[in-house]
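> So for the sequence shown, this note's numbering puts the first residue at 460; every next one is plus one.
Here a beta-carbon is modelled for each residue, glycine too, at the ideal position from N, C-alpha and C.
Owing to the predicted nature of the structure, the values given are computational and were not obtained by experimental measurement.
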Amino acid sequence: MSSSSRKTIIAGNWKMYKTRAQARDLAKAIADGVKGQKGLPEIVLCPPFTSLHDVIAACAGTPVQVGAQNMEYREEGAYTGEISPLMLTDVGAKWVVIGHSERRQYYNESNASVNAKLKAALKHKLLPIVCVGESLDERDANLTDSVVRRQVGAALADLTAAEVGPLVVAYEPVWAIGTGKSCESKEANRVAALIRATISDHFHAQGDTDKVGDHVPVLYGGSVKPSTAEEQLTEPDIDGALVGGASLKAEDFLPIIAAGCKRVSLSGSRK
Ligand code: PEP
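1. What would DSSP say about Ile697, mapped onto helix, strand or coil?
2. Tell me whether Tyr630 is buried or exposed, calling it buried when 16 or more other Cβ atoms sit within 10 Å of its Cβ.
3. Flag Ala652 as yes if its beta-carbon sits less than 9 Å from any beta-carbon of chain B, otherwise no.
4. Compute the Euclidean distance between the alpha carbons of Lys582 and Val723, then round it to the nearest angstrom.
5. Where Cys505 and Ser641 are concerned, what is the direct C-alpha to C-alpha distance, given to the nearest angstrom?
6. Check whether the Cβ atoms of Leu707 and Leu485 lie closer than 9 Å to each other.
7. Less than 8 Å between the CB atoms is what I'm expecting for Glu694 and Ala647, so what's the real figure, rounded?
8. Kindly list the residues whose CB is nearer than 7 Å to the CB of Glu535, restricted to its own chain and excluding five residues on each side of it in sequence; keep chain order.
9. According to DSSP, which residues form a beta bridge with Trp554?
10. Quick one: residues in its chain with C-beta nearer than 6 Å to the C-beta of Met530, no 5 flanking neighbours on either side, listed in chain order?
11. Please state whether DSSP places Cys518 in a helix, a strand or coil.
12. For Pro625 and Val675, I'd like the C-alpha separation in whole angstroms.
13. Residues in the same chain with beta-carbon distance under 8 Å from Leu653, minus the five sequence neighbours each way, listed in chain order, please.
14. For Val627, which three-state DSSP category applies?
15. Ignoring anything shorter than 3 residues or poking outside the region 624 to 672, list the beta strand (DSSP E) runs there in chain order.
16. Which residues does DSSP list as the beta-bridge partners of Asn472?
17. For a test of the three-state rule: what should DSSP assign to Tyr565, helix, strand or coil?
18. Keeping to the same chain, check which residues put their C-beta closer than 7 Å to that of Asp513; ignore five residues upstream and five downstream.
19. Could you check whether the Cβ of Lys708 sits closer than 8 Å to any heavy atom belonging to the ligand PEP?
20. Assign Tyr679 to buried or exposed, taking buried as 16 or more other Cβ atoms, counted over all protein chains shown, within 10 Å of its Cβ.
21. Thr467 and Pro507 - do their beta-carbons sit closer together than 9 Å?
22. Return the residue from the list Gln564, Arg649, Ile716 and Ser594 that minimises the CA-CA distance to Val493.
23. Considering only their Cβ atoms, is the gap separating Gly471 from Val702 smaller than 9 Å?
24. Determine the direct distance from the alpha carbon of Ala718 to that of Ser569, and round the result to whole angstroms.
25. Considering only the alpha carbon of each residue, which of Lys721, Gly699 and Thr687 lies closest to Ile588?
26. Please report the straight-line C-alpha distance between Asp599 and Ala516, rounded to a whole angstrom.
27. Quick check on the burial criterion: 16 or more other C-beta atoms within 10 angstroms. Buried or exposed for Thr638?
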């Protein structure tokens with residue numbers, strides 16, 4: 460399958476920013492900015508949990524979709540401070556980011572917890588964006604490929620090719636997140652292709668002869684800006700962007716969506 464049959468996705472991770480009123484204003488500004496446009500990529504906003512309801516209401520009837528930045532994998536129970544997949548679907552979230560490097564770094568998330576969360580997301584029909592990527596030390600030690608392969612393989616453990624149909628992966632080199640230093644586009648494309656090949660190999664080893672990875676959108680994330688997005692999104696194996704800092708202002712995020720529109724028009728991938 461060529462890139463033309465995969466979705467283009469522009470997702471914004473608002474991290475721990477925005478009060479409810481600020482989140483509503485930003486969501487409205489983004490929805491207004493794309494109003495009436497044809498050939499849009501999938502647009503996904505991931506506000507903090509406290510603003511999910513407001514952002515979902517602000518985006519109702521627009522092409523803008525909403526997701527969460529994280530979730531607990533269990534459905535309910537004595538897990539103080541956690542939010543379950545049932546709660547996300549109940550509030551109307553469609554997407555969930557899983558295994559963001561800030562979760563791995565500050566909240567001890569492991570490849571095993573990413574796998575549990577991916578299974579829970581798929582079970583509850585939440586569209587998962589699984590984040591993988593190497594640290595600076597790992598890149599300097601030439602471990603990028605092995606780290607990324609291990610993260611992808613572990614995320615997919617005990618899942619079938621049919622089950623992972625809705626999967627999206629984001630390649631987010633940790634050293635590029637929030638640093639202003641983007642991964643060079645050709646290198647990001649190389650790792651995106653490696654992720655896709657890893658997915659295909661994983662399921663091939665289970666007897667699936669289809670190249671499963673060819674169907675999986677792979678996004679790039681790490682200091683994506685309006686000035687870098689277009690070049691990044693013309694790479695054949697990069698199907699979109701997961702954007703942190705530059706998703707916090709409509710005037711920065713809208714040009715990145717416009718770069719996604721260009722990719723859609725080049726590939727005809729909007730379905
Ligand atoms: C992110 O939060 O996933 C991210 C890539 O952040 P930034 O764009 O700020 O580097």
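A quick look at the data gives this:
1. Position 238 of the sequence shown, counting from 1, holds the residue named residue 697. In the structure shown, Ile697 falls within a coil segment according to DSSP collapsed to helix, strand and coil.
2. The residue given as residue 630 occupies position 171 in the sequence shown. Tyr630 is buried by the Cβ-count criterion.
3. Within the model displayed, chain B is absent; a lone protein chain is all it includes.
4. In the sequence shown, residue 582 corresponds to position 123, counting from 1. In the sequence shown, residue 723 corresponds to position 264, counting from 1. Going from the Cα of Lys582 to the Cα of Val723 covers about 29 Å.
5. Position 46 of the sequence shown holds residue 505. Position 182 of the sequence shown holds residue 641. Approximately 21 Å, taken between the alpha carbons.
6. Here the question's residue 707 lines up with position 248 in the sequence shown. Here the question's residue 485 lines up with position 26 in the sequence shown. Yes.
7. Residue 694 sits at position 235 when you count from the first residue of the sequence shown. Residue 647 sits at position 188 when you count from the first residue of the sequence shown. The pair is a contact, with the Cβ atoms about 7 Å apart (cut-off 8 Å).
8. What you label residue 535 is simply residue 76 of the sequence shown in a count that begins at 1. Excluding sequence positions up to five before and after Glu535, its CB lies within less than 7 Å of the CB of Ser543 and Leu545, all in the same chain and listed in chain order.
9. Working through the sequence shown from its first residue, we reach residue 554 at position 95. Answer by DSSP bridge pairing, in chain order: Gly526 and Leu586.
10. Residue numbering aside, residue 530 sits at position 71 when the sequence shown is read from its first letter. So the list reads Ile542, Pro544, Leu547 and Val555, once near-sequence residues are dropped.
11. Mapped onto the sequence shown, residue 518 falls at position 59. DSSP, read as helix, strand or coil, puts Cys518 in helix.
12. In the sequence shown, the residue the question calls residue 625 occupies position 166. In the sequence shown, the residue the question calls residue 675 occupies position 216. Between Pro625 and Val675, the C-alpha separation is close to 8 Å.
13. As a first step, residue 653 is located in the sequence shown; it is residue number 194 there, counting from the start. Cβ contact annotation for Leu653 (same chain, cutoff 8 Å, sequence separation greater than five): Asp604, Val607 and Arg608, in chain order.
14. As a working mapping, residue 627 is identified with position 168 in the sequence shown. Under the three-state reduction of DSSP, Val627 is assigned to strand.
15. Qualifying beta strand (DSSP E) stretches, in chain order: 627 to 630.
16. Taking the first residue of the sequence shown as 1, we reach residue 472 at position 13. Paired residues: Cys505.
17. Locating residue 565 in the sequence shown gives position 106, where the first residue counts as 1. Correct three-state label for Tyr565: helix.
18. Position 54 of the sequence shown, counted from the start, is the residue given in the question as residue 513. Cβ-Cβ distances below 7 Å link Asp513 to Arg479, Ala482 and Arg483 in the same chain, with the five nearest sequence neighbours on each side left out; the list follows chain order.
19. Residue 708 sits at position 249 when you count from the first residue of the sequence shown. No, Cβ of Lys708 sits at least 8 Å from all heavy atoms of the ligand PEP.
20. Looking up residue 679 in the sequence shown gives position 220. With a 10 Å radius around the Cβ and a threshold of 16 neighbouring Cβ atoms, Tyr679 comes out buried.
21. As a working note, residue 507 is residue 48 in the sequence shown. As a working note, residue 467 is residue 8 in the sequence shown. Pairing Pro507 with Thr467 gives a Cβ-Cβ distance that is not under 9 Å.
22. Position 34 of the sequence shown holds residue 493. Answer by Cα proximity: Ile716.
23. Residue mapping note: residue 702 aligns to position 243 of the sequence shown, counting from 1. Residue mapping note: residue 471 aligns to position 12 of the sequence shown, counting from 1. Yes, the Cβ-Cβ distance between Val702 and Gly471 is below 9 Å.
24. Counting from one through the sequence shown, the residue named residue 569 turns up at place 110. Counting from one through the sequence shown, the residue named residue 718 turns up at place 259. Between the alpha carbons of Ser569 and Ala718 lies a gap of roughly 33 Å.
25. On the sequence shown, residue 588 is found 129 positions in, with the first residue counted as 1. Comparing C-alpha distances from Ile588 to each of Lys721, Gly699 and Thr687 shows the shortest one belongs to Gly699.
26. Within the sequence shown, numbered from 1, the residue matching residue 599 stands at position 140. Within the sequence shown, numbered from 1, the residue matching residue 516 stands at position 57. Going from the Cα of Asp599 to the Cα of Ala516 covers about 45 Å.
27. In the sequence shown, counting from the first residue as 1, residue 638 sits at position 179. Counting other Cβ atoms within 10 Å of its Cβ, Thr638 stays below 16 and is therefore classed as exposed.
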